[in-house]
Ligand SMILES: Nc1ncnc2c1ncn2[C@@H]1O[C@H](COP(=O)(O)OP(=O)(O)OP(=O)(O)O)[C@@H](O)[C@H]1O
Ligand SMILES: [Mg+2]
């Protein structure tokens with residue numbers, strides 16, 4: 001027959017990178033998505049930060065700086081869990097996944113493309129939030145190599161776990177619109193109970209803090225506070241220390257859980273496709 | 001190749017909660033290089049059958065081999081060899097046709113040149129995003145993506161919906177060229193003229209069953225149907241059905257002493273026999289017998 005049987009199939013990595021380039025292009029062309037995804041956490045941070053003002057906390061730290069550290073965790077959840085969950089449900093809804101399923105594109109290429117998209121949007125998001133927080137609230141970048149390392153692994157584990165959970169939750173949505181609701185509710189609820197909006201976290205009832213401790217946002221926020229705030233602020237954490245080992249443990253566990261959920265629940269087709 | 005391109009036996013599909021099966025025991029063979037059109041009213045089960053063959057939908061029963069493989073279990077090697085133009089798609093809105101076609105070409109080991117494909121489907125100079133194109137132009141993007149991988153077997157589910165008459169004729173040209181290259185094509189359409197022009201064989205589905213499987217010339221015993229002769233006499237239209245139209249025309253010519261005003265000789269169109277077929281649910285008995293006898 002044709003040469004198709006003989007020529008090697010294109011491999012997943014270059015196809016995935018090509019998909020990533022396409023996804024990024026697509027993302028920045030759909031203006032509402034850009035405005036919504038990017039501006040929301042930053043706008044919230046600016047509004048809440050100006051409400052809290054520069055109430056002095058001890059050690060020369062202001063409430064708005066504490067807020068900013070936690071909001072970065074929320075920003076990550078927004079570009080990963082919320083965006084990816086909605087985006088993939090949209091791909092299922094509008095026929096993107098169906099069309100891809102009719103081609104020899106390897107499944108891995110699709111996910112590599114999403115990883116590229118999430119990496120680009122999350123880095124841009126965090127850079128924007130940091131820049132605004134530095135300009136308005138006097139937040140300073142980590143000063144030590146150790147703090148940068150902590151920032152790096154909290155970021156990596158947070159992005160990975162929340163992305164995997166976003167992919168997994170997309171499969172529970174009937175369509176793109178319901179996916180938006182399904183992802184926004186845990187996103188907003190977790191920010192409330194995880195001490196992102198309410199600082200310090202110990203101001204929240206114990207029951208809420210305990211609930212939040214089962215989910216990633218509390219630990220990401222705690223990890224980022226350890227990076228951006230002086231160590232004396234650890235006194236305001238529930239345990240009185242930064243508990244970085246716990247941060248790693250819980251986020252790592254969610255990466256594993258997220259991966260298992262993705263592998264067991266991912267669907268190429270819509271529920272009603274038959 | 002020894003196997004047929006598509007071999008279907010006793011295919012059944014019952015959607016959960018539906019009163020009747022959508023596909024109720026279908027047998028179909030498509031040989032390599034053949035162009036087969038699947039016809040049938042809305043809801044007949046055409047898309048269901050086609051999407052089972054494409055590996056998109058699960059079947060509840062029957063055997064299916066597409067290019068020798070069960071589409072439900074097929075892998076990348078198999079998908080390289082097929083091309084799919086699905087009935088509905090609303091994706092790719094934020095890309096230009098050229099970006100989409102170039103990208104999809106990358107999935108295949110031996111793709112057609114993306115610029116050639118864009119030219120072939122008449123999107124050569126189009127620079128807008130797919131989301132800003134007209135319905136017919138979007139459909140051409142679907143066709144372009146279906147053929148860019150140089151498929152051996154091409155599925156076209158109502159490919160020309162929304163095409164203007166010129167675009168439809170251009171598309172027919174394209175399908176003929178693909179068929180001439182040896183591409184096997186299974187298409188569905190509601191345009192009988194399109195089926196007649198393109199297909200070597202027609203399969204008519206209604207209520208999930210095949211009620212006729214014939215060439216366009218012989219569907220419903222069409223070749224042996226009486227002809228209708230129309231003419232004008234004293235300003236009034238006259239019409240007569242006859243098995244010997246030439247003799248009737250000769251008599252009329254003699255009577256009028258030359259040209260017969262308003263003369264036309266018609267055979268039932270494909271659409272006529274198709275509609276009759278659907279109305280009765282099967283090929284008219286005596287005509288089918290006549291078709292078989294000769
Ligand atoms: N995903 C689905 N879930 C449930 N029922 C379905 C589904 N898809 C199709 N059906 C039903 O199956 C039957 C056949 O539908 P199908 O889409 O195969 O028809 P079709 O011949 O392609 O029609 P059309 O000419 O309108 O495209 C219809 O009764 C339809 O309602
Ligand atoms: Mg259909």
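Residue numbers (the UniProt record's numbering), protein chains in the order written: chain A, 1 to 274; chain X, 1 to 294.
The beta-carbon is built from N, C-alpha and C at its ideal position, and this holds for glycine as well.
- Interface annotation, residue 22/A: in contact with chain X, CB-CB separation under 8 Å.
- For residue 212/X, there is no enclosing alpha helix (DSSP H); the residue is part of the beta strand (DSSP E) that begins and ends at 209 to 214.
- Residue 56/X has its alpha-carbon roughly 51 Å from the corresponding atom of residue 66/A.
- Within 7 Å of the CB of residue 18/A, the CB atoms of chain X belong to 103, 106, in sequence order along the chain.
- At least one heavy atom of ligand 1 lies less than 7 Å from the C-beta of residue 46/X.
- By the Cβ test, the region 144 to 154 of chain A is not in contact with the region 92 to 104 of chain A, since fewer than three Cβ pairs between them sit closer than 8 Å.
- Taking a beta-carbon distance threshold of 8 Å, residue 273/A counts as an interface residue toward chain X.
- Under the three-state reduction of DSSP output, residue 174/A falls in the coil class, being neither helix nor strand.
- Among the residues facing chain X, residue 205/A is not included, as its CB has no counterpart in that chain under 8 Å away.
- The C-beta of residue 114/A comes no closer than 8 Å to any C-beta of chain X.
- Sequence-ordered contacts of the region 148 to 181 of chain A with chain X are nonexistent [C-beta pairs closer than 7 Å].
- For a Cβ distance threshold of 7 Å, residue set 9, 104, 106 of chain A lies close to residue 76/X, ordered along the chain.
- Among the residues of chain A, none has a CB under 7 Å from the CB of residue 121/X; the nearest is roughly 16 Å distant.
- By the Cβ neighbour-count rule, residue 228/A is buried, with 16 or more other Cβ atoms within 10 Å of its own.
- Taken from the Cβ of residue 87/X, at least one heavy atom of ligand 2 lies inside 7 Å.
- Around the Cβ of residue 164/A, a 10 Å sphere holds 16 or more other Cβ atoms; the residue is buried.
- Between residue 52/X and residue 71/X, the beta carbon gap of about 7 Å places them in contact (Cβ cut-off 8 Å).
- When DSSP states are grouped into helix, strand and coil, residue 236/X belongs to the strand group.
- When rounded, the separation of the alpha-carbon atoms in residue 221/X and residue 268/X is 10 Å.
- A Cβ of chain X is located within less than 8 Å of the beta carbon of residue 98/A.
- For residue 197/A, the closest of 96/A, 69/A, 18/A by C-alpha to C-alpha distance is 69/A.
- Here residue 173/A is buried, its C-beta having at least 16 other C-beta atoms within 10 Å.
- It is roughly 34 Å from the alpha-carbon of residue 90/X to the alpha-carbon of residue 256/A.
- Annotation for residue 264/X: no alpha helix (DSSP H) segment contains it, though the beta strand (DSSP E) segment containing it runs 264 to 266.
- A buried status is given to residue 22/A, since no fewer than 16 other beta-carbon atoms sit within 10 Å of its beta-carbon.
- In this structure residue 216/A is buried. Its beta-carbon is surrounded by 16 or more other beta-carbon atoms within 10 angstroms.
- Chain-order list of chain X residues neighbouring residue 94/A: 89, 90, 91, 92, 93, by C-beta distance under 9 Å.
- At least one heavy atom of ligand 1 falls within 7 Å of the beta-carbon of residue 40/X.
- By the criterion of at least three beta-carbon pairs nearer than 8 Å, the region 158 to 170 of chain X is not in contact with the region 226 to 237 of chain X.
- Per the Cβ contact rule, the region 93 to 107 of chain X is not in contact with the region 118 to 131 of chain A (fewer than 3 Cβ pairs under 8 Å).
- Within the region 54 to 68 of chain X, the residues whose Cβ lies closer than 8 Å to some Cβ of chain A are 54, 55, 56, 57, 58, listed in chain order.
- Within the region 101 to 127 of chain X, the runs of alpha helix (DSSP H) at least 4 residues long that lie entirely inside it are, in chain order, 114 to 120.
- Taking a 10 Å sphere around the C-beta of residue 224/A, we find 16 or more other C-beta atoms and assign the residue as buried.
- Within 7 Å of the CB of residue 270/A, no CB atom of chain X is found; the nearest one sits about 11 Å away.
- Contact between the region 204 to 222 of chain A and the region 152 to 161 of chain A is present: 3 or more CB-CB pairs across the two stretches fall below 8 Å.
- Annotation: the continuous alpha helix (DSSP H) that includes residue 112/A extends over 107 to 137.
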